[in-house]
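Respectively, the protein sequence lines represent chains G and F.
Residues in the first sequence are numbered consecutively from 1, following the working numbering.
Residues in the second sequence are numbered consecutively from 1001, following the working numbering.
Each residue gets a CB set at the ideal place from its N, CA and C atoms; glycine is no exception.
Since the structure comes first, as structure tokens, the remarks are kept for the end.
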Amino acid sequence: MRLTAAILLMALATAACSETREMQSSIQEVRARHVDRLMATPGVVSVGIGRDDEGTEVIIVGLDQARAQTVESLPASLEGYTVRTQVVGKITPQ
Amino acid sequence: MPHDLGAVRNMLKNAAADLLARRNVVATGVGYKVAQGSRTEELCVVCSVTRKLSVAQLASRDVIPATIDGIPTDVVQTGRIRALQPPTGRHRPALGGISIGHGSITAGTLGCLVKKDGMLVILSNNHVLANTNDAEAGDPILQPGPIDGGRFPDDQIADLTEFVPINFREPEPPSRCPTARAVIAALNMLCRAISSNTRYQVVTLDTEDNLVDAAIATPLETTMVADEILDIGIIQGVAEADLGSAVKKSGRTTGLTTGEILQVDVTSDVDYGGGRTARFRDQLLAGPMSQGGDSGSAVLDDGDNLVGLLFAGSDNTTIINRISHVFSALGVRR
């Protein structure tokens, strides 16, 4: 009897833990977690949060020029959020 | 009962001088009355005012009556009306959207007026008013900026009050500290000796990210400046911009332009030239709405609320400091 209860309790705890793990972070948290790594990629000049054509929030990585290698090396998504790249050019004070 | 144009004109001919003598009235004319934002078919006398105030805020002699001789009136806020003057010209009083700069730069834009300890001060960028960290409080500020013909002392409009220093990133990340390098060399020898794949490297810690490129200057006399923005008018308040917000700015080079906030929470590396790059975080990013010389422009939303300070951009983007960061960094307010 006790053994059954203990097994049930463990199963419940495991389920609760995996649920916590699956709870999605906000796009702001995800961007903040990865921004340093993304900015350290050659040619990356900006990382922000924007929207795609459907209005969904995405992480947008700005490049100083067209860079096929960098685009290839960047993840297509981070923790469930789409990562888009766009060439913004060199950003200078105006 | 609609009035014909002749009757309204005649009435205005007699009443114009009296209306123009009232506080804030800068123009009178005949036009169609606007009700709830839409033009009606009813002719009326339109009084243009620098600032629209409620009846309670006005002396009874300054209130525009709702009708004069049975003809309705309308009050429209237009701001001050002045002879057309390009933003690169000399303006007294000087207002937002025009050329300004420290004597050692080319020119930037006077953003707007803000208050520091109750005193009116000019807000723009560090790289406009303080020559990118290379200036001292008290340095003369010229309007227009040097490239637009501004000369000291004739065109001095203000003294630099203070600026938020811009932190630049180290151009070479590996540290040059000899002691640290010696320790690392020894550690790496040890790694090799024990056949470890690990190698150590000392790096200079990254400098702190920036939030603003901002500075303020105190006008020599308060009568030399006006609390409005060229082609925009009076700032209605302060607000936070969000993704999708419609924004506008009035700047020295491209004048009045509009855009949309396309990205928020932006971290961006800005190249200040001479190998100096500064990283900014929590910025707003809009589409192309500025060029060189527009730096320092105040950015407003469609309700004319101040939301940001324009400072950088590329061919297809504009980077804007959030106004809340500018206000906290400089201890200023509207």
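Interface annotation, F:T1317: in contact with chain G, CB-CB separation under 7 Å. Assignment of beta-bridge partners to G:G50 by DSSP yields G:V58. In this structure, the beta-carbon distance from F:G1138 to F:D1155 does not fall below 7 Å. Within 10 angstroms of the beta-carbon of F:L1020 lie fewer than 16 other beta-carbons, which makes it exposed. Within chain F, no residue has its beta carbon less than 9 Å from that of G:G43; the closest one is some 10 Å off.
Under a criterion of Cβ atoms nearer than 8 Å, the residues of chain F adjacent to G:M39 are, in order, T1267, D1269, R1279. Sequence-distant Cβ neighbours of F:A1329 in its own chain, meaning closer than 7 Å and more than five residues away, are V1164, L1211, V1212, A1214. Within the same chain, Cβ atoms closer than 7 Å to the Cβ of F:G1111 are found at G1096, L1123, S1124, G1296, S1297, A1298, L1309, the five residues on either side in sequence being excluded. Residue environment: F:F1152 is assigned as exposed (fewer than 16 neighbouring CB atoms within 10 Å of its CB, all protein chains considered). One thing to note: F:T1073 has its Cβ no nearer than 7 Å to the Cβ of F:V1055. With respect to F:V1030, F:S1048 sits apart: the two C-beta atoms are not nearer than 7 Å. In this structure the region 1238-1256 of chain F lies against the region 1311-1328 of chain F, because at least three pairs of beta carbons, one per stretch, are closer than 8 Å. Cβ neighbours of F:G1145 within its own chain (closer than 7 Å, five residues either side excluded): S1099, I1100, G1101, I1105, T1106, A1107, G1108. Using a CB distance cut-off of 7 Å, G:G50 counts as an interface residue toward chain F.
Closest by C-alpha distance to F:A1226, out of F:T1258, F:K1052, F:R1082, is F:R1082. Counting along the chain, the unbroken alpha helix (DSSP H) around G:Q28 starts and ends at 27-39. Within chain F, the residues D1265 have their CB atoms less than 7 Å from the CB of G:R31, given in chain order.
Contact annotation: the region 1262-1275 of chain F touches the region 48-66 of chain G, with at least three C-beta pairs closer than 8 Å.
F:S1268 counts as buried, since no fewer than 16 other beta carbons sit within 10 angstroms of its beta carbon. With respect to chain F, the C-beta atom of G:I91 has a partner C-beta closer than 7 Å.
Contact between F:L1230 and F:P1087 is confirmed by a C-beta separation of about 6 Å, below the 8 Å threshold. Residues of chain G whose Cβ lies closer than 9 Å to the Cβ of F:A1312 are, in chain order, I91, T92, P93, Q94. One finds I49, G50, R51, E57 in chain G with Cβ atoms closer than 9 Å to the Cβ of F:L1243, taken in chain order.
Restricted to the region 1105-1132 of chain F, the beta strand (DSSP E) segments that are unbroken, complete and at least 3 residues in length are 1112-1116, 1119-1124, listed in chain order. Judged by DSSP secondary structure, G:E72 falls within the alpha helix (DSSP H) whose first and last residues are 68-73.
Comparing alpha carbon positions, the residue from F:E1162, F:T1040, F:A1185, F:A1241 closest to F:V1307 is F:A1241.
Put simply, the backbone Cα of F:T1067 is about 36 Å away from that of F:Q1085. Taking every protein chain shown into account, the CB of F:P1178 has fewer than 16 other CB atoms within 10 angstroms, so this residue is exposed. When DSSP reads this structure, F:A1158 sits in a beta bridge with F:I1141, F:P1219. Within chain F, not a single residue places a beta-carbon under 8 Å from that of G:S77; the smallest gap is close to 17 Å.
The C-alpha of F:A1135 lies about 16 Å from the C-alpha of F:Y1272.
Taking C-beta atoms as the reference points, F:I1216 and F:V1121 count as a pair closer than 7 Å. Inter-residue distance for F:D1302 and G:T82 is about 30 Å (C-alpha atoms, whole angstroms). Residue-level contact by beta carbon fails for G:V61 and chain F, as no gap is shorter than 7 Å.
For the 7 Å CB-CB criterion, F:A1278 and F:I1166 form a contact. DSSP places F:K1033 inside the beta strand (DSSP E), whose first and last residues are 1025-1035.
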